Amino acid sequence: MNYIGVNGVPTPSAEAVISVMDHGFMYGMGLFETFRTYRGRPFLLDRHLERLRSGCRELGIRYDAREELLQYEIAQLLEANELLEGYIRLTVSAGAGPLGLPPEDYTEPTVIVYVKPLPPTVSGLYTHGKELWRLTTPRNTPEGKIRLKSLHYMNNILAKRELAGLIGDAHVAGMPEGLLLTAQGYLAEGIVSNLFFVRGGRLYTPVIGTGILPGITRIFVMELAERQGLQYAEGYYTWDELIEAEEIFLTNSIQELVPVTTLVEPEGTRYSVGDGRIGPITEMLLNSYRSYSDI
C-alpha cells in the first residue's frame, strides 16, 4: 500500500497521519466500510455510503460523502498503487477534539481511504468451502439500537485470537471462520461475515436483534433470494439447528458467498454439511450475485 487517501488527497503511506487528539483514536468514535471493486468500480457503493451516513448521523459526525468524488478518489488510489482491482476500506473518524467527552457534534471528521490488493482466491474455496468453528467468545451487544461498523472492534479481535489458538492447536490447513453466539446461546455471525443456512429448501439467517452487523451483502443476498422465489426467514436459531442444516454459507463484501462444509466445536467435534461441496441453493445465489457484480 504505497498511497492512502487522507481527506481526499492521495498521500504516501509514510506521510499519512492523523492527530493524536482525533476522537476516533481516543474514544473509538468513527465508522468504516469495506468493499471491493469489479472492473475497477466499487460494488454496491451507494448502499455502503447510505449505511455510513446513517451511522455518522447517529454518532453526531457530520459527514456526507459525494459518491462521484469518492469513485474518482478510489480510481486515483488504484492507479497510484498500481492495482486494477482493490480491497477498499473507507474510514470516517470523528476528527480532533479536546480531551473529554463532548456533547456537541463533530464537524470536521477525518476521512481515510485505504486500498490494497484483493486477497488471493484459495483453491477450492467456492466448491469445497471452508470450516466454521463455534467460538466461546460471545457476540457483545451493540452500544446503540443496532450494531454499527465502528472503529471499536475489540470483540472481533478477541474472537480472531480465540480462533487462531483453536486452529493452531488442531493444525488446521487453510483459514476457517469463527462463529460468535449471543450470551443467550443464539447464532449471531462470523468474525468478518454474516451467516445463512438452508433447511427444507428454505433460507434462514439470524435476525438483527441478535446484535449482528446488518451487512450490505447479507441484505443483497436476501433480495436475490426473493427475486429467485426462494423463501427466507430471519430469527433466533441455535447451534443444534445449524448442525442439521443442508447447506451453510457466509457472506461479506470481499469474499461474496462462501460455502461452509464442516462445522467444528471448540473441543474439536466435527460435523459435515451436505456432501462436502457447495449446495445447489448456495451456488444459485452465488451465481446470481456475480451476475450483478459484472454489470
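Count along the sequence shown starting at 1, add 163, and that's the number in this note's numbering. Even glycine gets a Cβ: it sits at the ideal position worked out from N, Cα and C. As the structure is a prediction and not an experimental result, all values here were calculated from the model.
When C-alpha distances from LEU264 are compared across LEU240, LEU233, LEU222 and SER286, the shortest belongs to LEU222. For SER256, the enclosing beta strand (DSSP E) covers residues 250-256.
Setting aside the 5 residues that flank it on each side, SER313 is surrounded in the same chain by LEU194, each with a C-beta closer than 6 Å to its C-beta; the list follows chain order. Taking each of THR304, ILE224 and LEU288 in turn and checking the Cα distance to THR254, the smallest one comes out for ILE224. As the crow flies, the alpha-carbon of VAL361 is around 11 Å from that of PRO422. Under the criterion of beta carbons closer than 8 Å, LEU298 and ALA322 qualify as touching, at roughly 5 Å. Per the coordinates, the alpha-carbon of GLY249 lies some 22 Å from the alpha-carbon of SER256. A direct Cα-Cα distance of roughly 43 Å separates VAL276 from GLY363. Ranking ASN318, GLU409, GLU407 and LEU426 by CA distance to the CA of ARG302 puts ASN318 first. In this structure ILE379 does not touch ARG252 by the C-beta definition: roughly 14 Å separates them, more than the 8 Å allowed. Per the coordinates, the alpha-carbon of ILE371 lies some 7 Å from the alpha-carbon of ILE309.
DSSP places ALA243 in the uninterrupted alpha helix (DSSP H) bounded by 230-243.
The secondary-structure analysis by DSSP pairs SER313 across a beta bridge with LEU194. Burial check for LEU358: the Cβ neighbour count within 10 Å reaches 16 or more, so the residue is buried.
Residues of the same chain with a CB within less than 8 Å of the CB of THR270, apart from the 5 flanking positions on each side, are ARG225 and GLY258 in chain order. With a 10 Å radius around the Cβ and a threshold of 16 neighbouring Cβ atoms, GLN418 comes out buried.
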